[in-house]
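This report refers to the structure that appears directly beneath it.
2 protein chains.
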Amino acid sequence: MLKLTKKADYGLMALKYLAEHPETPALSAKDVADAYGIPAQLLAKVLQRLTKTGLLRSHAGMNGGYELARDARQISAFEVIHAIDGPLFITSCTKGTKPCELTPSCTIKEPLARVNETIAGVLKSISIQDLAEHEHPTGRSRETHGLVVLTL
Amino acid sequence: MLKLTKKADYGLMALKYLAEHPETPALSAKDVADAYGIPAQLLAKVLQRLTKTGLLRSHAGMNGGYELARDARQISAFEVIHAIDGPLFITSCTKGTKPCELTPSCTIKEPLARVNETIAGVLKSISIQDLAEHEHPTGRSRETHGLVVLTL
DNA sequence: CTGAATACGGACCGATCCAGTCGGATATAA
DNA sequence: TTATATCCGACTGGATCGGTCCGTATTCAG
Ligand code: FES
Ligand code: FES
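Note that the protein sequences, when read in sequence, are chains A and B.
For the first sequence, position 135 (counting from the first letter as 1) is numbered 135 according to this note's numbering, and the numbering increases by one without interruption.
When you read off a place in the second sequence, starting at 1, and then add 1000, the result is the number in this note's numbering.
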C-alpha cells in the first residue's frame, strides 16, 4: 500500500503538463484531461483545489483555464500532494477524527515520524520542473542528484 | 495521507515488543495485545501472517506463542510492512486488479517509482532492533546514521 | 485422558474513504 | 446573448480497513 491518491497523481500530471507548455496563456481542465485521457470533471476539481492553495492561477470564461502561479522550479511535488491529499503521515494514528488512544503505549510512533520526515524531504526536493525534464529518458544523465540523510 | 495500515503498525509494535523480551521462550498474541491495549484477535491474525512469511516462529498449545525467527537486527521494517500490507507502491496505478490503463500516457510514473524506491530503501535500513533501542529517547545519540541517496 | 490454552483460518460486518458523476451557479470573451 | 470556463456542493457505487465471531487443530499440564 502506502500509495498516494489518484487525484494527487492527476494533479502532478497536470502540473507537469502545464510546465511543458509555458508559452500558452492558459490551459483548460478539459485540455489536460483529454491529453491524458482522464475524467475531465475530476481533474477540474483537482485543479480547483490547487488554485485555492495558490499553486495555480485560474481564469474563467472563454479561452480561460489554468497556469502555474510560480515557476515550475519553485513548486515541489510535496506541495501538490499536500494540497490534494492533505497532511502526509505514515503513521496510521493521526487519522481523521481520533488522535489514536494508544499514543502513550505506542512506542513506535516516534521513529516512524523520522521516516515520515525523510519521505517528505524527498518529495520536497522534487520540483515540477524535474518531472517535466525527465520526459525523455534518453540521457539518464546522472547530473542532478538529490541527497537525503536519514538520522535515526 | 500516504499512511500505512494499522495492522502493519501493530505488527511493528509486536515485533519490537518481542525484541525487547529476548529471554522469554515465547509470547502469546494476547500477551502482546494486552501490553499495548490493542484488539487481541486482530493482532493474532497479524502475527499469523508474519509467521507465514517466515518472520516469526509459532508454537501452539499451552505456554505457546511467537518468537522472532531471526535476530532483531536482521528484520527490517520493510519486511514487516510488506508482509502485512503487501507490495509497497506510491503510485496509485498498481492497484489490485487493473494495471492502470493510462500507463502509456502517464509520464509521471517513472520518476515517482524512484521516490518509491527511496522510501523502500529507508524502510529497509531500519531494523526491529533499531526500533527497540530507541525506546529511551535520552541520548539522541547521533551515532547510527542511515544514508540514502536519491538519484533522479 | 481430559481439559485448558494457544495457534490457525475463514466468513462476516460496519465504517470509512475514494474515484467518479451530476447539477447548478458564476464569470468572461466573442 | 451565447459558448466556454471555472467554481462548488451533493451524491453514488465500490473498495478497503478495522474489528469480530466461530470453528478447528495443536500442544502441554494435571
Ligand atoms: S498506533 Fe497510534 S500512536 Fe502508534
Ligand atoms: S496513473 Fe497509472 S500510470 Fe500513472
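Ideal placement from N, C-alpha and C gives every residue a C-beta, glycine not left out.
Buried or exposed: which applies to residue i, given that a residue is buried once 16 or more other Cβ atoms fall within 10 Å of its Cβ?
i, result
"A:Asp71", "exposed"
"A:Asp9", "buried"
"B:Leu1012", "buried"
"B:Pro1022", "exposed"
Is the CB-CB distance between residue i and residue j below 9 Å?
i, j, result
"A:Leu68", "A:Ile119", "no"
"B:Glu1079", "B:Thr1053", "yes"
"B:Ser1107", "A:Lys16", "What sits at residue 1107 of chain B in the sequence shown is Thr, not Ser. Cβ distance < 9 Å, so B:Thr1107 and A:Lys16 count as in contact."
"B:Leu1004", "B:Leu1018", "no"
"B:Leu1088", "B:Ile1075", "no"
In angstroms, rounded to a whole number, what distance separates the CA positions of residue i and residue j?
i, j, result
"B:Ser1125", "B:Ala1077", "8 Å"
"A:Leu43", "A:Ile84", "11 Å"
"A:Arg73", "A:Lys6", "23 Å"
"A:Gly65", "B:Glu1117", "35 Å"
"A:Glu20", "A:Ala132", "6 Å"
"A:Val46", "B:Ala1014", "39 Å"
"B:Ala1060", "B:Gln1048", "11 Å"
"B:Lys1109", "B:Gly1121", "18 Å"
"A:Arg57", "A:Gly86", "20 Å"
"A:Arg114", "B:His1082", "19 Å"
"A:Met62", "A:Lys30", "13 Å"
"B:Gly1096", "B:Asp1034", "With a pLDDT of 48 at B:Gly1096, under the threshold of 50, the modelled position of this residue cannot be trusted, and the question is left open."
"A:Leu112", "A:Thr91", "7 Å"
"A:Pro39", "A:Leu123", "26 Å"
"B:Ile1032", "B:Gln1041", "Going by the sequence as given, residue 1032 of chain B is Val instead of Ile. Going from the Cα of B:Val1032 to the Cα of B:Gln1041 covers about 11 Å."
"A:Asp130", "B:Gly1037", "45 Å"
Any alpha helix (DSSP H) of 4 or more consecutive residues that is wholly inside the region 18-81 of chain A: As far as the region 18-81 of chain A is concerned, its whole alpha helix (DSSP H) runs of at least 4 residues are 29-36, 40-52.
Near-chain B residues of the region 15-39 of chain A (beta-carbon distance less than 8 Å), N- to C-terminal order: Lys16, Ala35, Tyr36, Gly37, Ile38
Contact set between the region 54-73 of chain A and chain B, restricted to residues whose Cβ is under 8 Å from the partner: none
Selection of the region 1104-1115 of chain B by Cβ proximity to chain A, strictly under 7 Å: Ser1105, Cys1106, Thr1107, Ile1108, Glu1110, Pro1111, Val1115
Under 8 Å (Cβ pairs) to chain B, residues found in the region 122-136 of chain A: Val122, Leu123, Ser125, Ile126, Asp130, Leu131, His134, Glu135
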